[in-house]
Structures are given as structure tokens and as C-alpha cells.
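Residues 0 to 860 (numbering that gives the first Met the number 0) are what the sequence shown spells out, left to right.
Each residue gets a CB set at the ideal place from its N, CA and C atoms; glycine is no exception.
The next block holds one structure in the form of C-alpha cells; read it before the comments.
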Amino acid sequence: MADNDFVRSSCYAAAANAAEAAGAKLSDRDLAAAYRQAAEEKARLKASGVTDNVADRIKGIAEATAERTRIAAALQKKHAALNILARDRLEQTIDAFQKAGLSPRDSILAVMEGSQQGIAGARDSVHARRLGYEARFVGGMMSEIQKNRPHLVNVLADKRLSDDVFREMGELREGGKPGVTGNDDAKYLASVFAKHVEASRTDLNRLGASIGKLDGWAGAQVHDDMKMMRAGKEAWVEQVSPLLDLSRTFPDAVTGDEVRGILGDIYDTIITGVPNKATAKEKGQRVNPANLAKSLGKTRVLHFKDAESAIAYRDAFGYGNSIYGIMAHQRRAANLAAQMDMFGPNPEVMFNSLVESQRRKLRDNPGLSPEEKVKAIQKLNADAGPLRSAFDVMSGAISRPGNVNAAKISNDIRAVQSMAKLGGAVLTAMPTDVVGAAQASMFRGNGFFNGMVKQIGGILKGRPKAEQAEISYLFGEGFDSLIGDVLSHGLANDGPVGKMSKLTESFFKWNGLNWWTDVGRSVVGRTVAAEMGMRADTAFADLPANYSHVLGLHGIGERQWEALRQATRREVNGNAYITPDAIRELPDAAVEPLVADRLASAKTPERRVEILDQARRDLELQALRFVADETNYAIVETDAAARRISTLGTRPGTFAGEAARFVMQFKGFPIAFSQRILGRALFGGKGATKYERIMNNAPHLGALIGGLTVAGYMAMTMKDLAKGYWPPRDPLDPKVITAALTQGGALGIYGDFLFGEANRFGSGALETFSGPFIGTLSDIVNVPLKARTALEKGERPKMAGDLLNLALQNTPFINLTYARPALDILFLNSLRNWASPGYTNRLQRQRLKDYGQRPLMPSTL
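Structure, rendered in C-alpha cells:
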């Protein structure tokens, strides 16, 4: 219907008055969009046979739509302002990176992933900001719980507690009844979760989101498509309908058939991941101010009658538990906040715009030859290649499966391989991580051996307790395995997916890697925070050159440091810490220099308060991401760049994606180690050019190589001892030195796989580097082929021994460091001797010949 028809209609005045009462006038064009939606609703009601109070319904819809349109128009103005600020900041950052020697492509990658080059701001990336926001959103919750009710930290996986928390959160609303469960711990947790969920919502809205207050919200439902498919669409619809608050979930549905039809569409959308309606992109449309009303639609939410109904649905068709759901929500909020903080309210549009801008600058650069221009422009591709892959990792698209079933099956296969081959991983991680912490300490100007002693001393004290745990959690460190335990308990009885998750979590708990990683990261996090406190008495100009250089890499300059110095330090066990909560309490005078230009243009006292609060928040996040990123240099974990490389930019559940993941299994850590530890040792030093940075950082590279060699030798010695062999190998043997460097370096976590028995006795480079599963398939194929070859030569086949070795190499849990020696003595060596007579004697003679080692224990009982 034409817009003029709307202006002459009876609905026009109602919609216009509603908008004016809300504080803003709307154009006839915006009001007409609302009218068209109301007219469509009128036609639908008529087709459904509804005749009661139609005029009032239509008037209400027109008023509500006009109000939403006004809000969206205001939000669009806010987005425009935020985009201008983000674009200006990004352009300055990319220009600075290029002046320091980075290419246009590497400059954009650095904004998303960070760079190992020793350039000011090179570590201030979306990935680092996500770590900072995670510490703020999740670490803050864990720290508050540890401070007030520490006994709850280790029982968050309890199902009864989780369900009671869900019920209590549902009561945190107007007219609600907190305490309804009679469980005071659940009531307390509900209040803490609600407080921090509200804080993340506020942060996201500040960055451009428009999320309503989540009163009574107890976490998003997570649907298990496998359970839903087993039930079938009709059964799912029939079982879900009685659990829903139909008036809230389907305000636009007037008949039971309409409700069932909408639920059927929701079922199809969840199962397939494809919306039930064509998207604007599919129809070749653009979402712009002209069709703003159409862009206001929200994803339909299933509103349950009460907490009991929601829990019943989760038990029947979902997975996980309420507490993990809150943690996952906060982590997702952190990821969204990091993207919007760096790229503005619409990250993908800004990303594409930046790439195109850099392509145009290259085209117009008179200093480049035509061939150089073509080569550089081809590298700047926003639709494919490294830039697209980096953006997909940043946005999370890299994790969205193309086929859910294929992704789950493949992931389970890889999980079995991990549980079969990483039983002794902690023995490699122990010395390597200690050297990593020492190297990071040296890079910050605190000395290699000083860092090593502090790390070992902290680890010997075990998991942090009391105030030390509180401080670790404030910085987002030391609780990853606790959250993993919450998830695994929530999934444990939910079918194959839950069972595999429980097994995997149990494996890494039992092999010691979870404990080691949590404790190691908490020690490093506290060490970095204590270094800030120790140096807070020193002006920026007088700081050690290495320390001020590292601060600069994270975007902390003189003004930020002078503000941080004024935070109240927290004394614990002789260490003075600068903590996030202390930064939040900084006086106005401390942060005014950070935002002096913005304060000068502030027109109201309220705006001034808002600017100062944002300055404190930004400073807190800078400190959080500084600690988090420095911790990742000590205890290496797969980061954004390593994920991009190891997944090759592919999605799970696709042929290319699963092939890449099988081939790259166990290679994520070596890639992260190489680009973080080795990359920083080579390029992370001070200097205006890459050559200067390499030369200035030469001492760090030498210390790293020496430290890793010692770490590798220690790892080999511990593994030999765990297998029952002594004395240690000759440390002066060139072969031992080479193996030690490998064990302690980038290949350390799966060094046993690469240089273990399978490789030494026949498997080639193809099987080694194509991933463990493909190597296992090759071994399976080779068993009958070897038997056939033996028969052709007139020899007796040794299939029993080959099959036994294949089973031992691919059975989860039996390769745990402390389990395998016992199993060998009890019966596995006897089986080997049966399958291949004299096996253990041959093995012992070979060890004596190669390494001069003898067994400490008998081979069999």
C-alpha cells in the first residue's frame, strides 16, 4: 500500500503520537513501514477468522512497531558514531604497523590476531581483547565466589545445585521470590551470576548492541539436535508445546495449528541451521535505512512456563547444565565485545571496508611497480585466504559445522586418538612450560633464572588457595579445568556426545595435564600482576627498557602506566598486586589525563561521569589482556593465529574441514609454540626494522635454545624413568642433544608419537605428518600386507604381534604415565612375549646398546 494511504489512515495518528510521546518524531517513511507490518497482521487475522477487537490489536501493533522503529533509528545513529571512531583508530593502527615494516595484509592480521614483531601495540588484538573480556566477565564471577563462598568453587558441577541456581535466577524479577528453593548457596550463586550477566550486557550495549534487561533470565537453552532427530519433528512439537508459555512465545499466533506450524519451523531451523524464511542476502536485498523496519525482527525465543518446564526440556532435548550455560554465555559475550571493541558495531562491514581501502591505497601507490601492485593486492582478499580465515576464527564461523553428525563423529575419533597417545604429555609439558615461563620473564626484564625459580616455587605450592586463588581468578587464570568439569558432568548421561566429553575430561584430569596447566597459568598470572605492583613505584621513563617495551607492545604507554601506578596495591604473602578491582576504584584525577580531549567536549556532568567510567574500564581491560597474553607466552595454548593455520580456514563437518583437522591433529601446539615463543625470540625485540629487532633479541634466542634443550633432556629422563629405565642417557651424545631439543621444543607434546616405536620401526614420513588417525589406518592396512609378504617369502607371519602393538597404541587410558609400567609388568609384556617370543629381552638389549640403560624392574611377574 502506498505511503500516502497510510498518512490518510486512522492508524497514522496513533503511531505518530506514540513516537512523539516516546521522545522523538519519526518520518512518514518510518511510520509507513510500521503501518505495512500492521496491515499484514490485519490480513492474517482476517484469514484466520479472528474478528474480535481487531482494530485495537492493529492499533497496538502500530504503536509497538513505531516505538521499535524509533529505537532502531536512534541505534543506527549511535552505530554511525561508533563506526567513525573505530575506523579512525584502525586506520592509524594499520598505518603505524606498515611504517614499522609490516605488509598491508600482515597489518590487518595483526589487528585480529596480534603480531610477534616488536612494534608498539602489536599485541593489542581482537584475540587479546577477548582474553581481557573473558577475565572481566568470567574471572570476575569466579573470583567473587572464591572470595565469599570458596567451598562452592569445587562443587559447581553438582546437578542439584545447578538446577536450584536455574530456579533461583528465574525468581530474580519483579514479583519473583528469591530463596524459593531453600538452598542458600543456589540463591547466592544466582545473584552473582545475574550481577555479572548484567555487567556483560551493559558492556555490549556500550559497544553498540541493544540488549534488553535480562530480569529472570537463567541462561540460554542449548538444543541437542541428535536427541531432537531421534524423537522426530511431530513428537518434539507435541512434547514441547505443554512446556511453553504460549502467549509470550507466540504473541502473533492465534490458533493451535499456527503454534504447531511455527514450532515445526523452529525444529527445522535448529536441525538444519537454515532459517525458515529467505534472508535478505538470499533475496538479493540490502539492509539499510530504507527497509529498517524489516531489519528489526528478532530470533524467536522459546519462553517456558517456569523453571521446572525449562529444566524438563533441557533434560529431554538439551544438554549441559545451568552453571555451564552462564559461563558459556559470558564467554560468548566476551568474544562479541572484543570484536565490537576493535571493529565497531558491525565487524564484518568494517573488515571488508578496511581491506578494500588498503587495496585502493596499493593501486594508487606511485612507489610500486605494476607487478608489485598486483602481487600485493592479490594477498588482500577478504573472501578467501589468510584474511578470511582469520576473520572466521575471530567471529567463530570457523567452529560452525557444515554437517553436525560428520563433525561429531570425526571429533570423537580424534578424541580417542588423543586419549590413546597423550598419556605422558604432562612429562613433556612440565619442563617445557617452566622454561617458557623463564623465557617470558627474561623478555620482561626480570631474568631467566628468576622466572624459573618463581615458577617452580609456585607450582610446588599446588592449586592456589584463599586470596591467591581470588587474585588468579580475577585475571582469568587457573579455573579452565573446573569449568570443563562442570560441562562434562552436565553431559555425562546425555548419550554418545556426553560420554565422550566425560571420558576426555577425565583423561586429561587423570594424566595430570589439567592440573599442571591450571596451576602453571595461575602462577604466571600472579607473577605478571606482582611485577606490575613491584614496579609501580617507578615512573615510566625510569622503567627497565625491556619492561617498558613489553608494556608498549600491549598498548600501555606513559599515560596509562602513570594511572595504573595510582591503584591501591593488594599485599598477599609478601607480594604487592595491582588487581582489576583496584583499577575500577581509581580516583577521577588518576584517569582524567587519559581522556582529557573528550572531557573538554563533555557538555553535562552525566557525560563527564560516563567518560571517566569508560576510561577506568578501558584501563582495566588493558591490564587484563596484558596479563592474559603474557601468560600465554609462558604456558602456550593454541591462539587465534594457530587456529587459523591448523584449520586451514575450513569448517568442521565438511570434507576439507575434517581432512584438515585429521592431518593437523596434535599440530596446534607446535604451531602456537613456533609462532609465539620462537617468533617472539626472533622478532619481538626493540628496533625500528626487522633486522634491528632480530639483532637486539639475539640473547633471548640463545637462552631459549639452551633452556629448551635442557627441558627436553629432563622430559626424556622422566619418561625413561616412568618406563623403568636408568641411568639417564648420555647428555653429550649428539643424538641425545638433538632428541632433547625436539622433546622440549615445538614438537614436544607429541614427540613420542613422532619419534616413538611406530616411527622407529617402519612408519614413514607420510604417516607421521598426515596425522595419527591416518597413520593408524595405514597400520591397519599394513598388517595383512606384511603377513602376505611373509608368506610369499616362506616365512611365518607375525600378525599377532602386529595386532597387539596396534591395539596398545590405540587404546585410550592404558598409556597413562603411571598405569602403563604396571600394566606392562602385570600382563602386557607376557602378551608381547607370547605374540613375539623373546620380545622383552630384545627390547632390553636394544636399550642397553642405544642408551646404556638397564631396567629397574622385572619385565614380568
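So residue 301 packs on residue 243, CB below 8 Å; how close in whole Å? Sure, about 6 Å apart at Cβ, within 8 Å.
Can you give me the C-alpha to C-alpha distance between residue 349 and residue 84, rounded to a whole angstrom? Cα to Cα, residue 349 sits roughly 12 Å from residue 84.
Specify the secondary structure class of residue 651 as computed by DSSP and reduced to three states. Three-state result, residue 651: coil.
Would residue 356 and residue 665 qualify as a contact pair, given that the criterion is a beta-carbon distance under 9 Å? Here residue 356 is not near residue 665, since their CB atoms are 9 Å or more apart.
May I have the straight-line CA-CA distance separating residue 797 from residue 420, to the nearest angstrom? For residue 797 and residue 420, the gap between their C-alpha atoms comes out near 24 Å.
Using the rule of at least 16 other Cβ atoms within 10 Å of the residue's Cβ for burial, across every protein chain shown, is residue 241 buried or exposed? Counting Cβ neighbours within 10 Å, residue 241 comes out exposed, since fewer than 16 surround it.
Would you mind sorting residue 388 into buried or exposed? The rule is 16 or more other CB atoms within 10 Å of its CB. Around the CB of residue 388, 16 or more other CB atoms lie within 10 Å, so the residue is classed as buried.
Which runs of the alpha helix (DSSP H) spanning at least 4 residues fall entirely within the segment 647 to 715, listed in chain order? 654 to 662, 667 to 672, 678 to 682, 689 to 695, all fully within the segment 647 to 715.
Going by C-alpha to C-alpha distance, which of 99, 130, 770 sits closest to residue 620? Out of 99, 130, 770, 130 has the C-alpha closest to the C-alpha of residue 620.
Report all residues from its chain with a CB closer than 6 Å to the CB of residue 178; omit the five preceding and five following residues, and keep chain order. Correct list, in chain order: 186.
In DSSP terms, what residue 873 is bridged to: Here the chain has residues from 0 to 860 only, and residue 873 is not among them.
Can you check which of these residues, 476, 859, 825, 850, is closest to residue 839 by C-alpha distance? Ranking the options by Cα distance to residue 839, first place goes to 859.
Residues near residue 193 in its chain [Cβ-Cβ closer than 7 Å; skip 5 each side]: 168, 171.
Any heavy atom of the ligand ZN inside 8 Å of the beta-carbon of residue 324? Only the bare structure without any ligand can be found here, which leaves the ligand ZN out of the picture.
If you reduce the DSSP assignment to three classes, tell me which class residue 574 lands in. Residue 574: strand per DSSP, three-state reduction.
Can residue 122 and residue 802 be called in contact, C-beta distance under 9 Å? Result no, Cβ atoms of residue 122 and residue 802 do not sit closer than 9 Å.
Once DSSP output is grouped into helix, strand and coil, what is the label at residue 216? Shown here, residue 216 sits in coil according to DSSP, grouped into three states, outside any helix or strand.
Skipping 5 residues on each side, what residues in its chain have a beta carbon closer than 6 Å to that of residue 651? Answer for residue 651: 400, 406, listed in chain order.
What are the uninterrupted segments assigned as alpha helix (DSSP H) that are 4 or more residues long and contained completely in the segment 364 to 404, given in chain order? The segment 364 to 404 contains these whole alpha helix (DSSP H) runs: 369 to 378, 384 to 394.
What's the C-alpha gap between residue 443 and residue 307? Linking residue 443 to residue 307 through their CA atoms gives a straight-line distance of about 53 Å.
Contact the segment 815 to 825 vs the segment 711 to 726: 3+ CB pairs below 8 Å: Look at the beta carbons and you see the segment 815 to 825 touching the segment 711 to 726: at least three pairs across the two are nearer than 8 Å.
Taking only the alpha-carbon atoms, compute the straight-line gap between residue 258 and residue 249 and give it to the nearest angstrom. Taking the Cα positions, residue 258 is about 7 Å away from residue 249.
Given a cut-off of 9 Å on the beta-carbon distance, is the pair residue 689 and residue 344 in contact? Result no, Cβ atoms of residue 689 and residue 344 do not sit closer than 9 Å.
Whose C-beta lies closer than 6 Å to the C-beta of residue 549 among residues of the same chain, with five residues either side of it excluded? Result list for residue 549: 443, in chain order.
Who are the near neighbours of residue 237 in its chain, counting only those whose CB is closer than 8 Å to its CB and skipping five residues on each side? Contacts found: none.
So the alpha helix (DSSP H) residue 511 belongs to, where does it begin and stop? For residue 511, there is no enclosing alpha helix (DSSP H), as DSSP marks it with neither H nor E.
Who does residue 569 pair with in a DSSP beta bridge? Among the bridge pairs identified by DSSP, residue 569 is matched with 576.
Tell me, to the nearest whole angstrom, how far the beta carbon of residue 632 is from that of residue 679; I am working on the premise that it is less than 8 Å. With a Cβ gap of about 7 Å, residue 632 and residue 679 count as contacting.
Would you identify the three-state DSSP class for residue 303, choosing helix, strand or coil? Here residue 303 sits in strand by DSSP.
Since I believe residue 457 is in contact with residue 522 (beta carbons under 8 Å), could you give me their beta-carbon distance rounded to a whole number of angstroms? The Cβ separation is near 3 Å, so the contact holds.
Buried or exposed: residue 856, going by 16 or more other Cβ atoms within 10 Å of its Cβ? Classification for residue 856: exposed.
Candidates 414, 520, 459: closest to residue 505 by CA position: Just measuring C-alpha positions, the residue of 414, 520, 459 sitting nearest residue 505 is 414.
For residue 149, which three-state DSSP category applies? Residue 149: helix per DSSP, three-state reduction.
What residue does the alpha helix (DSSP H) around residue 545 start on, and which one ends it? Where residue 545 is concerned, the enclosing alpha helix (DSSP H) starts and stops at 544 to 552.
When we look at the beta-carbon of residue 725 and count the other beta-carbons within 10 Å, is it buried (16 or more) or exposed? Exposed, since its Cβ has fewer than 16 Cβ neighbours within 10 Å.
On the CB-based measure, 16 or more other CB atoms within 10 Å of its CB, does residue 217 come out buried or exposed? Residue burial annotation: residue 217 is buried, with at least 16 other C-beta atoms found within 10 angstroms of its C-beta.
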